[in-house]
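Student: Handing you this structure, nothing more for now.
Number of protein chains: 2
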Amino acid sequence: MKYIHYMTAPTEVLDRVLHLATLVQADLARFEREQGLTTPRVHLLWVLGETGPTTQQSLAQALGVTPRNVTGLVDGLVASAHVTREPHPGDRRATLVTPTDLGTRTIADLVSSHVALAQRLFGDVPTARLATFAEVLEETTHRFAQLMEEE
Amino acid sequence: MKYIHYMTAPTEVLDRVLHLATLVQADLARFEREQGLTTPRVHLLWVLGETGPTTQQSLAQALGVTPRNVTGLVDGLVASAHVTREPHPGDRRATLVTPTDLGTRTIADLVSSHVALAQRLFGDVPTARLATFAEVLEETTHRFAQLMEEE
DNA sequence: CTACATCATGAAGTACATTCACTACATGAC
DNA sequence: GTCATGTAGTGAATGTACTTCATGATGTAG
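Residue numbers (the UniProt record's numbering), protein chains in the order written: chain H, 1 to 151; chain R, 1 to 151.
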């Protein structure tokens with residue numbers, strides 16, 4: 001009854017990757033509901049956790065969105081008391097988006113949730129198989145990044 | 001260049017999976033720009049390609065959004081002439097969202113782009129390695145789906 | 001000091017998504 | 001048949017995310 005027949009072997013593998021990505025997304029959505037946050041705001045907090053206090057320009061670049069959009073995201077996170085805008089010590093135009101105590105705790109929860117998810121997913125996979133899995137992933141992403149370059 | 005085989009950490013593997021998902025997403029974004037479509041609309045078309053003409057209720061369930069939202073997505077796809085609303089033969093309340101010629105062609109392009117991406121990603125991976133990769137994926141998603149059930 | 005670039009934001013617009021209320025229609029009980 | 005109840009789709013209102021364009025404030029090179 002299906003309109004489309006597309007199941008070749010590589011396609012099936014890609015579909016499984018996408019399925020896993022969907023499940024991971026669902027896990028993140030649970031975290032977001034618990035914390036009363038949204039995906040873009042969590043993404044911003046994640047970047048903030050990696051870099052520490054950052055200008056909105058840098059955040060825009062890291063998130064791949066326009067600076068104007070970061071203004072809106074930061075507005076929301078200020079309203080929910082996850083971050084504050086601090087003056088940039090060396091540039092009076094810029095603000096340093098800085099996590100509050102709540103923000104720091106949220107980022108820590110996010111990281112531990114991420115690690116726990118990885119453990120649940122891959123913790124029981126035998127070492128040799130997991131190594132092969134990771135290698136194929138690395139080769140694949142590397143080759144794909146090269147293909148993107150060529151265009 | 002590595003001579004020592006360090007044990008692969010689950011978190012590192014998860015990060016690689018997410019990285020690959022990001023690259024795939026970027027490839028889809030290219031398709032969307034070319035076709036003048038958005039991710040939710042492409043998703044709807046994809047489902048339509050799998051199921052054939054469908055009620056908006058079914059689409060809402062398949063997409064995991066509210067029926068009201070499907071109304072809006074279908075409005076957009078009707079405006080861009082990708083689908084039409086046809087009367088449901090057995091239920092005068094319902095409409096059958098049906099791809100137009102353009103919609104059918106777009107779905108075909110989407111599928112072939114999907115297959116081509118899979119080929120570019122996994123086409124050159126040796127069969128045995130790809131099989132292990134797919135197995136780990138399957139075990140992982142299966143185990144994870146079970147863990148989600150228990151809560 | 002002037003010219004130009006950069007940081008953040010106001011204004012305006014589009015898309016996605018929600019909830020709530022409502023109309024039209026279907027279906028099972030009597 | 002009629003009545004109660006449920007289902008399909010949409011209008012209204014709202015919130016978030018995202019964009020482009022314009023502007024004020026500040027930094028920087030000449």
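Where a beta carbon is used, it is the ideal one built from N, C-alpha and C, also for glycine.
Which residue or residues does DSSP assign as beta-bridge partners of Thr-95(R)?
Tutor: Along the second sequence, read from residue 1 onward, the residue named residue 95(R) stands at position 95. According to DSSP, Thr-95(R) bridges with Pro-87(R).
Student: If you draw a straight line from the C-alpha of Gln-146(H) to the C-alpha of Phe-133(H), how long is it?
Tutor: The count along the first sequence starts at 1 and reaches residue 146(H) at position 146. The count along the first sequence starts at 1 and reaches residue 133(H) at position 133. Rounded to the nearest whole angstrom, the C-alpha separation of Gln-146(H) and Phe-133(H) is 20 Å.
Student: Let me know if Arg-41(H) comes out buried or exposed under the rule of 16 or more other beta-carbons within 10 Å of its beta-carbon.
Tutor: As a first step, residue 41(H) is located in the first sequence; it is residue number 41 there, counting from the start. Using a 10 angstroms sphere on the CB of Arg-41(H), the tally of other CB atoms reaches 16 or more, which defines it as buried.
Student: Which two residues bound the contiguous alpha helix (DSSP H) that contains Ala-108(R)?
Tutor: Your numbering for residue 108(R) matches position 108 in the second sequence. It spans 101–122 - the alpha helix (DSSP H) in which Ala-108(R) sits, taken as one unbroken run.
Student: So the candidates are Leu-102(R), Thr-84(R) and Arg-105(R); which of them puts its Cα closest to the Cα of residue 155(R)?
Tutor: The structure shown does not extend to residue 155(R), since chain R spans only 1 to 151, so no value can be given for it.
Student: Which chain R residues are close to Arg-41(H), counting only those with a beta carbon under 8 Å from its beta carbon?
Tutor: What you label residue 41(H) is simply residue 41 of the first sequence in a count that begins at 1. The premise fails here: Arg-41(H) is roughly 18 Å from chain R at the closest Cβ pair, so nothing lies under 8 Å.
Student: From the DSSP output, in three-state form, read off Thr-71(H) for me.
Tutor: Taking the first residue of the first sequence as 1, we reach residue 71(H) at position 71. Note: Thr-71(H) maps to helix in three-state DSSP.
Student: Is the Cβ of Gln-146(H) closer than 8 Å to any Cβ of chain R?
Tutor: As a first step, residue 146(H) is located in the first sequence; it is residue number 146 there, counting from the start. Output row for Gln-146(H): interface = no.
Student: How would you label Gly-103(R), buried or exposed, when you count the other beta carbons within 10 angstroms and need 16 or more for buried?
Tutor: Counting from one through the second sequence, the residue named residue 103(R) turns up at place 103. By the 10 Å Cβ count, Gly-103(R) comes out buried.
Student: Can you grab the Cα-Cα spacing for the pair Asp-15(R) / Thr-8(R), in whole Å?
Tutor: As a first step, residue 15(R) is located in the second sequence; it is residue number 15 there, counting from the start. As a first step, residue 8(R) is located in the second sequence; it is residue number 8 there, counting from the start. Spanning the two alpha carbons is a distance of roughly 12 Å.
Student: Please decide whether Glu-149(H) counts as near chain R, where near means a Cβ-Cβ distance under 8 Å.
Tutor: As a first step, residue 149(H) must be located in the first sequence, where it is residue number 149. No, Glu-149(H) does not count as interfacial toward chain R.
Student: Would the C-beta of Pro-10(R) count as close to the ligand SAH, meaning under 7 Å from any of its heavy atoms?
Tutor: Looking at this structure, you won't find the ligand SAH or any other ligand, since it has none at all.
Student: Output needed in chain order: residues of the region 126–138 of chain R with a Cβ under 7 Å from some Cβ in chain H.
Tutor: Arg-129, Leu-130, Thr-132, Phe-133, Ala-134, Val-136, Leu-137 and Glu-138
Student: Determine whether the Cβ of Val-115(R) lies closer than 8 Å to any Cβ atom of chain H.
Tutor: Here residue 115(R) is taken as the residue at index 115 of the second sequence, counted from 1. With its beta carbon less than 8 Å from one in chain H, Val-115(R) belongs to the interface.
Student: Would His-142(H) be called buried (16 or more neighbouring beta carbons within 10 Å of its own) or exposed?
Tutor: Counting from one through the first sequence, the residue named residue 142(H) turns up at place 142. Under this definition His-142(H) is an exposed residue.
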